[in-house]
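Engineer: Structure incoming, see below.
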């Protein structure tokens, strides 16, 4: 066989293999993965388009987040801070949480305040046992409330009184949704939906190549699944949405 003819045959073979490999990869890329579970005292549901299955990695990301900001974990970073008056700040996620909380606190003129923990606990909504509510108790706890009682100095987060505590639950689920979304995007994933406890972020399109559709529950107090009813459906693309409420627990 002439060398020139052999080269043409080899090139044709390589070209065919490349096309087959490309078609295989394209088919794999269009696979959607679905992941559901429990985290942060609630449920989560995640869908994403990817060649790889990242479900185990997602579990690790969520678990790491809980080890930082879960007030229900006595060994988490925020619990360690709540039990100490001074704490070294050496965690990027915690600092991002603190700075974002301060930003929202300022924007709402103090209506949003993560130092509300003592009052939340007293009313039985938090991470400690409920107290017997009285006007005297509320007045005594108000002295520990206020973002001005927290400050950072020389890489340390300091509170003005040892009874000052933080509760990040009002921002934690939405914050963790962003972190999971950022993880997916770091792996080149552009089509995904992340929902944790009613906080949602949706990017790109769903498995049917349509805009993501998010169902919002009608606030029926009966917690039974049979009583659940969709009140509205919202189309969501490249946006975030908060749909959670407290009517099922309180």
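Residue numbers (this note's numbering): 1 to 250. Think of the CB as a built atom: it goes at the ideal place given N, C-alpha and C, for glycine as much as any other residue. Quantities reported herein were computed from a predicted structural model and do not represent experimental measurements.
Given a cut-off of 8 Å, decide if residue 75 and residue 94 are closer than it, judged by their beta-carbon atoms.
Structural biologist: The Cβ-Cβ distance between residue 94 and residue 75 does not fall below 8 Å.
Engineer: In the DSSP assignment, find the unbroken beta strand (DSSP E) run with residue 216 in it and report its ends.
Structural biologist: Segment 212-217, the beta strand (DSSP E) holding residue 216.
Engineer: Is the beta carbon of residue 192 less than 8 Å from the beta carbon of residue 164?
Structural biologist: no
Engineer: Can you tell me where the alpha helix (DSSP H) holding residue 45 begins and where it ends?
Structural biologist: No alpha helix (DSSP H) contains residue 45, which is instead part of the beta strand (DSSP E) from 42-49.
Engineer: Where residue 39 and residue 50 are concerned, what is the direct C-alpha to C-alpha distance, given to the nearest angstrom?
Structural biologist: 23 Å
Engineer: Run through DSSP, which three-state label would residue 33 get?
Structural biologist: Judged by DSSP in its simplified three-state form, residue 33 adopts strand.
Engineer: In three-state terms, what does DSSP make of residue 38?
Structural biologist: strand
Engineer: Any chance the segment 100-115 sits against the segment 161-179, with 3 or more Cβ pairs inside 8 Å?
Structural biologist: yes
Engineer: From 234, 70 and 146, pick the residue whose C-alpha is nearest to that of residue 169; which is it?
Structural biologist: 70
Engineer: Just the Cα atoms here: how many angstroms apart are residue 230 and residue 206?
Structural biologist: Cα to Cα, residue 230 sits roughly 20 Å from residue 206.
Engineer: Can you find the residues in the same chain that come closer than 8 Å, C-beta to C-beta, to residue 190, ignoring five residues on each side of it along the sequence?
Structural biologist: So the list reads 49, 203 and 204, once near-sequence residues are dropped.
Engineer: Can you tell me whether residue 232 is helix, strand or coil according to DSSP?
Structural biologist: strand
Engineer: State the start and end residues of the unbroken beta strand (DSSP E) segment that holds residue 156.
Structural biologist: 156-159
Engineer: Can you say whether residue 232 is buried or exposed, counting buried as having 16 or more other CB atoms within 10 angstroms of its CB?
Structural biologist: Result: exposed.
Engineer: Residue 83: which of 177, 57, 157 and 59 sits nearest, CA to CA?
Structural biologist: 157
Engineer: Tell me, please, which residues DSSP counts as bridged to residue 195.
Structural biologist: 45 and 200
Engineer: Could you give the DSSP three-state label for residue 67: helix, strand or coil?
Structural biologist: helix
Engineer: Between 88, 104, 218 and 210, which has its C-alpha nearest residue 237's C-alpha?
Structural biologist: 210
Engineer: If residue 243 sits next to residue 220, beta carbons under 8 Å apart, how far is it from one beta carbon to the other, in whole angstroms?
Structural biologist: Between residue 220 and residue 243 the Cβ distance is about 14 Å, and since that is not below 8 Å, they are no contact.
Engineer: For residue 73, which residues from the same chain have a beta carbon less than 7 Å from its beta carbon, with the 5 sequence-adjacent residues on both sides left out?
Structural biologist: 66, 67 and 79.
Engineer: CB-CB under 6 Å to residue 87, same chain, minus the five flanking residues each way: which ones, in chain order?
Structural biologist: The answer, listed in chain order, is 81 and 157.
Engineer: Select from 133, 121 and 177 the residue whose C-alpha is nearest the C-alpha of residue 97.
Structural biologist: 177
Engineer: Would you decide whether residue 99 is buried or exposed? Buried here means 16 or more other CB atoms lie within 10 Å of its CB.
Structural biologist: exposed
Engineer: Along the chain, where does the beta strand (DSSP E) that runs through residue 152 open and close?
Structural biologist: 150-153
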